[in-house]
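Colleague:
In our numbering, the protein residues as written are 2 to 119.
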C-alpha cells in the first residue's frame, strides 16, 4: 500500500515557476515508478511526466518538455515536479501516482491545484 500526498500548488503568473512535491508513505515507494498527471476543467486527465524507481530515464509529455523536470528522493520518499515558464494552459489539478509493477498506476494522490494567471 502506498499513500500519496501532493503539495506545492498555488496561483502563479504566466512565466513563473512552481515546485510540486508528492510525499509517499509505504514500503514500495523506492521500487515504484512515479508519475505526474494533470486534469484541467472539462478535460480528461493527461500524462505529464514519469520517472523510474532509480530516478533515471525521465519522460515527459511534449507539452511540458523543456519546461518541467521530474525528480525523486527515495531517502525522503518524495517525488518532485519543478515547473518553469508556466502558462495559463498549465492550469489544472496535478496528481502524482505510483506504478509499483511497471504496468499500471495503482496509487493516486488527492491532487493539488495549480492556477496560472495571464
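Ideal Cβ placement from N, Cα and C applies to all residues, glycine included.
Could you name the residues of the same chain whose beta carbon sits closer than 6 Å to that of residue 22, not counting the 5 residues immediately before and after it, in chain order?
Modeller: Along the chain shown, read from residue 1 onward, the residue named residue 22 stands at position 21. Within the same chain, residue 22 has close Cβ partners 8, 9, 79 and 81.
Colleague: I need the straight-line Cα distance from residue 59 to residue 26, nearest angstrom please.
Modeller: As a first step, residue 59 must be located in the chain shown, where it is residue number 58. As a first step, residue 26 must be located in the chain shown, where it is residue number 25. Each residue's alpha carbon lies about 22 Å from the other.
Colleague: Taking 8 Å as the limit between beta carbons, can you name the residues of its chain near residue 17, skipping five residues before and five after?
Modeller: Looking up residue 17 in the chain shown gives position 16. Closer than 8 Å at the Cβ level, and outside the excluded window around residue 17, lie 87 and 117.
Colleague: Relative to the alpha-carbon of residue 49, which residue among 2, 94, 75 and 102 has its alpha-carbon at the smallest distance?
Modeller: By one-based count along the chain shown, residue 49 stands at place 48. Looking at the Cα atoms, 94 is the closest of the given residues.
Colleague: Just to confirm, is the Cβ distance from residue 31 to residue 101 under 8 Å?
Modeller: As a first step, residue 31 must be located in the chain shown, where it is residue number 30. As a first step, residue 101 must be located in the chain shown, where it is residue number 100. In this structure, residue 31 keeps its C-beta atom at 8 Å or more from the C-beta atom of residue 101.
Colleague: Cutting at 7 Å between CB atoms, please list the residues of its own chain near residue 109, excluding the five before and the five after it.
Modeller: Within the chain shown, the letter at position 108 stands for residue 109. Cβ neighbours of residue 109 beyond the five flanking positions: 5, 96 and 98.
Colleague: In this structure, how does DSSP classify residue 47 when only helix, strand and coil are distinguished?
Modeller: Along the chain shown, one-based indexing puts residue 47 at 46. Residue 47: strand per DSSP, three-state reduction.
Colleague: Can you list, in chain order, the residues of its chain whose CB lies under 6 Å from that of residue 114, leaving out five sequence neighbours each side?
Modeller: Here residue 114 is taken as the residue at index 113 of the chain shown, counted from 1. Counting only Cβ-Cβ distances below 6 Å, and skipping sequence neighbours, we find 10 and 94.
Colleague: Look at the alpha carbon of residue 51 and the alpha carbon of residue 71, and state the distance between them as a whole number of angstroms.
Modeller: On the chain shown, residue 51 is found 50 positions in, with the first residue counted as 1. On the chain shown, residue 71 is found 70 positions in, with the first residue counted as 1. Cα to Cα, the separation comes out at about 7 Å.
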